[in-house]
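Protein sequences appear in the order of chains A and B. In this text, residue positions in the first sequence follow our numbering: the first is 1, and each later residue adds one. In this text, residue positions in the second sequence follow our numbering: the first is 271, and each later residue adds one. Read through the structure below, which is laid out as structure tokens, and then see the notes.
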Amino acid sequence: MIARKTWREVRVMAFAYLVILELLCIPVLLLWPDFYPELQRSTLMKNLGIDWLGRIGEAVTNNNEQVAYLNWCAVMLFFRSANLVCTAAAVLFGTGLFARERENQTFESMLALPISRGRMLWQKVWPPALGLVVPIYLVNASAILWSWQVELDLPKWELFLASTHAAVFAVMFFLLTTLLSIRMRVQAHVAAGVGAFIVLQIGVYMTQRIRSYSLFHLADFEWYGPVLAGNTPAWQMFDPIRSHGFTTYLLLAGAVLYGLAWRALRKAEP
Amino acid sequence: MDAAIEVTGLHKAFGPRAVLRGIDLRVARGELLGVVGPNGAGKSTLFRTLLGLVPSDRGDLRVLGLEPRTASIAIRTRTCYLPGENGSYLQMTGREYLNYVFGFRARTDAARLARLQDGFALPLQQKVRSFSAGMKQKLLLLGCLSPDVDLYVLDEPDRALDATVRFFLRDELRAMQRLGKTILLSSHHLGEVEALADRLEFLLEGTFVAPSRLAAARAELRQRPRVRLRAGQPLPAGASEVAREPDGTLVVRTDGDPMRWLRTVPADAVDSAEIGIPRLEDLYQLLLGQPGGRA
Numbered sequence: 001m002i003a004r005k006t007w008r009e010v011r012v013m014a015f016a017y018l019v020i021l022e023l024l025c026i027p028v029l030l031l032w033p034d035f036y037p038e039l040q041r042s043t044l045m046k047n048l049g050i051d052w053l054g055r056i057g058e059a060v061t062n063n064n065e066q067v068a069y070l071n072w073c074a075v076m077l078f079f080r081s082a083n084l085v086c087t088a089a090a091v092l093f094g095t096g097l098f099a100r101e102r103e104n105q106t107f108e109s110m111l112a113l114p115i116s117r118g119r120m121l122w123q124k125v126w127p128p129a130l131g132l133v134v135p136i137y138l139v140n141a142s143a144i145l146w147s148w149q150v151e152l153d154l155p156k157w158e159l160f161l162a163s164t165h166a167a168v169f170a171v172m173f174f175l176l177t178t179l180l181s182i183r184m185r186v187q188a189h190v191a192a193g194v195g196a197f198i199v200l201q202i203g204v205y206m207t208q209r210i211r212s213y214s215l216f217h218l219a220d221f222e223w224y225g226p227v228l229a230g231n232t233p234a235w236q237m238f239d240p241i242r243s244h245g246f247t248t249y250l251l252l253a254g255a256v257l258y259g260l261a262w263r264a265l266r267k268a269e270p
Numbered sequence: 271m272d273a274a275i276e277v278t279g280l281h282k283a284f285g286p287r288a289v290l291r292g293i294d295l296r297v298a299r300g301e302l303l304g305v306v307g308p309n310g311a312g313k314s315t316l317f318r319t320l321l322g323l324v325p326s327d328r329g330d331l332r333v334l335g336l337e338p339r340t341a342s343i344a345i346r347t348r349t350c351y352l353p354g355e356n357g358s359y360l361q362m363t364g365r366e367y368l369n370y371v372f373g374f375r376a377r378t379d380a381a382r383l384a385r386l387q388d389g390f391a392l393p394l395q396q397k398v399r400s401f402s403a404g405m406k407q408k409l410l411l412l413g414c415l416s417p418d419v420d421l422y423v424l425d426e427p428d429r430a431l432d433a434t435v436r437f438f439l440r441d442e443l444r445a446m447q448r449l450g451k452t453i454l455l456s457s458h459h460l461g462e463v464e465a466l467a468d469r470l471e472f473l474l475e476g477t478f479v480a481p482s483r484l485a486a487a488r489a490e491l492r493q494r495p496r497v498r499l500r501a502g503q504p505l506p507a508g509a510s511e512v513a514r515e516p517d518g519t520l521v522v523r524t525d526g527d528p529m530r531w532l533r534t535v536p537a538d539a540v541d542s543a544e545i546g547i548p549r550l551e552d553l554y555q556l557l558l559g560q561p562g563g564r565a
């Protein structure tokens, strides 16, 4: 019952999120080749010294159709969506999960329901998590559907791997927001807390020397590029011993956040 | 009689603030117990502790034969709880809200549900956000009283309800009690709880007031008629002023029987007079002015 109620609360947001992800391809497709030279002349971009921008731009305007299209997918699906839209959606989905119950004074009656706190958390978490993850895969599926237009056979397995990483990345932010939503009593405070964390991470990402320490480094083109090009096999994504295994680290972080959320809810008092 | 609730030496503190200080309570199965007390006396904390929503610091608790700390879900399965501060899901319709809460229950009493729906006359097809405060409270009561469980814990169920609905609710609670349901409720309407409950417990500063002390306080209040004198009329002899209320009503203490004193007062000197109806706030003030709790 809680899952059904939660889904009712987030379904409009999930649909809007899917539409936004799909629409992102339009400006990328239409404007990127013209936009890129302008962007290259930007003093701000030069000062930031972000090398991926150059690499993406070269790839998108590359005469080799295959290279261009693959990188377009990376730009459209991952750089913009996973980093910004997915994170924003994760925060939107998670902020109100529990803090809204407190604000509406329904938290106590929810705790008094004859189900365990663990089940309560699970039923609160999985519908928004699904609403977050499914659009990522759907957008990839639609990219595969559109690929006939450029007479190109998209690497489905690589896209699936990259989508999985993007989904894990988004869910991690969602679980972080959920944890704060249990611990804080006001939605605005939750949003401010996660927002501050995101701003900090973006700040780190924008500072060239320490960029590799930013969480967003795990979801940028430098990470997705090799995956999409087929240079990062699945085992490397998930193997923290023989490889970097960043996806596994994100999964572990998600599991820890879920555990902390469960502990916080178990101890929560009306 | 078999006990639905047995509490011995219950203590609960939030940080340095002791909220419950040695509560002893026994509620028999099928009993209707009223708990009254001023705001902050510990009523809600007591209810939450009984359901296992808040862990107790000390004391032995048994609710429906189960320990709240270890069997909270089992207790909540057999209990319906109406919190004192209870909001609503504004985006739902009344019907959707009922379907939601009934979804957690094994069974509802169809006859009672029908009676309550009839008595409350709510537009269940409308969104809850369009409901008034009283309508929201009726909806919450509908969701809380309709499931067929053993124990009902109601924290101020009469909040925001008008007198007619309160009387209807009283009749319904009596009918539930006749079916053997145990009911624990708190209220700020002393007279109505007294008329409804089998027994009344007065919670003050985290402990129940001893019956003898409560009886003495009530006897004292019976000696204090409230009179509203016409303009310019002096207080007749045989009574002294205890307090003056903002509307000009005097609370007086008579030297002897207040009825006898009132008969001596000229009829044209008094607008209104009230004897023998203790008000909850007067009881609070009187008891708070006295040292000690339950001996």
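Every residue gets a Cβ at the ideal spot worked out from N, C-alpha and C, and that includes glycine.
* P127 (chain A), buried or exposed, once every other Cβ within 10 Å from all chains shown has been counted against 16 -> Flag for P127 (chain A) reads buried.
* According to DSSP, is I144 (chain A) helix, strand or coil? -> In the structure shown, I144 (chain A) adopts helical secondary structure according to DSSP, grouped into three states.
* Asked: Rounded to a whole number of angstroms, what is the C-alpha to C-alpha distance between S181 (chain A) and L260 (chain A)?
  -> Approximately 12 Å, taken between the alpha carbons.
* Over the uninterrupted beta strand (DSSP E) stretch that includes I275 (chain B), give me the two end residues. => For I275 (chain B), the enclosing beta strand (DSSP E) starts and ends at 273-284.
* I think V274 (chain A) touches L161 (chain A), with their Cβ atoms under 8 Å apart; what is that distance to the nearest whole Å? -> With chain A covering only 1 through 270, there is no way to say anything about residue 274 (chain A).
* Asked: For A88 (chain A) and chain B, any beta-carbon pair shorter than 8 Å?
  -> By this cut-off, A88 (chain A) is not an interface position.
* Asked: Are the C-beta of G357 (chain B) and some C-beta of chain A separated by less than 8 Å?
  -> Taking Cβ atoms only, chain A reaches closer than 8 Å to G357 (chain B), which makes this a yes.
* **Interface residues of chain A facing Y370 (chain B) [CB-CB closer than 9 Å]** => Here the neighbours are M1, I2, R4, K5.
* Asked: Out of curiosity, what's the CA-to-CA distance linking Q395 (chain B) and M13 (chain A)?
  -> Spanning the two alpha carbons is a distance of roughly 25 Å.
* Option nearest R530 (chain B) by Cα separation, candidates B:A543, B:S358, B:D441, B:R287 -> Distance check between R530 (chain B) and each of B:A543, B:S358, B:D441, B:R287 places B:A543 closest, using alpha-carbon atoms only.
* Asked: Does the stretch 183-192 of chain A touch the stretch 86-103 of chain A, meaning 3 or more C-beta pairs lie closer than 8 Å?
  -> Touching, per the Cβ criterion.
* Asked: So, T363 (chain B) versus K408 (chain B), is the Cβ gap smaller than 8 Å?
  -> No, the Cβ-Cβ distance between T363 (chain B) and K408 (chain B) is not below 8 Å.
* Through-space distance from G559 (chain B) to L200 (chain A), alpha-carbon basis -> Rounded to the nearest whole angstrom, the C-alpha separation of L200 (chain A) and G559 (chain B) is 56 Å.
* **Residue nearest to E101 (chain A) in terms of C-alpha spacing, selected from A:G118, A:K124, A:C86** => In terms of CA proximity to E101 (chain A), A:K124 leads the group A:G118, A:K124, A:C86.
* Got a sec: which bits of the stretch 90-112 of chain A sit with their beta carbon under 9 Å from any beta carbon on chain B, in order along the chain? -> So the close ones are E101, E103, N104, Q105, T106, F107, E108, S109, L111, A112.
* is_contact[V324 (chain B), chain A] using C-beta, thresh 8 Å -> Answer yes: the Cβ-Cβ gap between V324 (chain B) and chain A drops below 8 Å somewhere.
* To do: Determine the direct distance from the alpha carbon of W122 (chain A) to that of R8 (chain A), and round the result to whole angstroms.
  => Rounded to whole angstroms, R8 (chain A) to W122 (chain A) spans 16 Å at the Cα level.
* What residues of chain B sit near E269 (chain A), judged by a beta carbon separation below 8 Å? -> Those are R318, L323, V324, listed as they occur along chain B.
* **Euclidean distance between Cα positions of V463 (chain B) and E471 (chain B)** => Answer to the nearest angstrom: the Cα atoms are 10 Å apart.
* Roughly how many whole angstroms lie between the Cα atoms of M206 (chain A) and P135 (chain A)? -> Counting only the Cα atoms, P135 (chain A) lies some 28 Å from M206 (chain A).
* Please report how far the alpha carbon of H458 (chain B) lies from the alpha carbon of L113 (chain A), in whole angstroms. => Whole-angstrom Cα-Cα distance: 26 Å.
* Asked: Cβ of I182 (chain A) less than 8 Å from any chain B Cβ?
  -> Put simply, the CB of I182 (chain A) is far from chain B, with every gap to its CB atoms at 8 Å or more.
* To do: Tell me T378 (chain B)'s beta-bridge partners as DSSP assigns them.
  => According to DSSP, T378 (chain B) bridges with B:P417.
* **At least 3 beta-carbon pairs within less than 8 Å: the stretch 366-382 of chain B vs the stretch 330-345 of chain B** => The stretch 366-382 of chain B makes no contact with the stretch 330-345 of chain B; the number of CB pairs closer than 8 Å stays below 3.
* To do: Could you name the residues of the same chain whose beta carbon sits closer than 8 Å to that of D538 (chain B), not counting the 5 residues immediately before and after it, in chain order?
  => Here the set comprises R500.
* Using a cut-off of 8 Å between C-beta atoms, extract the partners of F374 (chain B) located in chain A. => Residues of chain A passing the Cβ test: M1, L113, P114, I115.
* To do: Return no unless some Cβ of chain A is closer than 8 Å to the Cβ of R346 (chain B).
  => Closer than 8 Å: yes.
* Is it right to say A565 (chain B) is buried, meaning 16 or more other beta carbons lie within 10 angstroms of its own, or is it exposed? -> Unreliable placement is indicated for A565 (chain B), whose pLDDT of 32 sits below 50; no coordinate value is reported for it.
* Asked: Does DSSP put E442 (chain B) in a helix, in a strand, or in coil?
  -> Here DSSP, grouped into helix, strand and coil, assigns E442 (chain B) to helix.
* Range covered by the alpha helix (DSSP H) that runs through Y554 (chain B) -> Under the DSSP assignment, Y554 (chain B) falls in the alpha helix (DSSP H) whose first and last residues are 550-558.
* To do: Can you give me the start and stop residues for the alpha helix (DSSP H) that A16 (chain A) sits inside?
  => Element bounds for A16 (chain A): 2-23.
* To do: Would you mind reading off the limits of the alpha helix (DSSP H) that contains I182 (chain A)?
  => Boundaries of the alpha helix (DSSP H) harbouring I182 (chain A): 156-183, taken from the DSSP string.
* In terms of residue numbering, what span does the alpha helix (DSSP H) encompassing V204 (chain A) cover? -> Per DSSP, V204 (chain A) is one residue of the alpha helix (DSSP H) stretching across 187-206.
* DSSP three-state call for R263 (chain A): helix, strand or coil? -> For R263 (chain A), the three-state secondary structure derived from DSSP is helix.
* Y213 (chain A), buried or exposed, once every other Cβ within 10 Å from all chains shown has been counted against 16 -> Exposed: under 16 other Cβ atoms inside 10 Å.
* R287 (chain B) versus B:E475, B:P481, B:V522, residue with shortest Cα-Cα distance -> Nearest option by C-alpha distance: B:E475.
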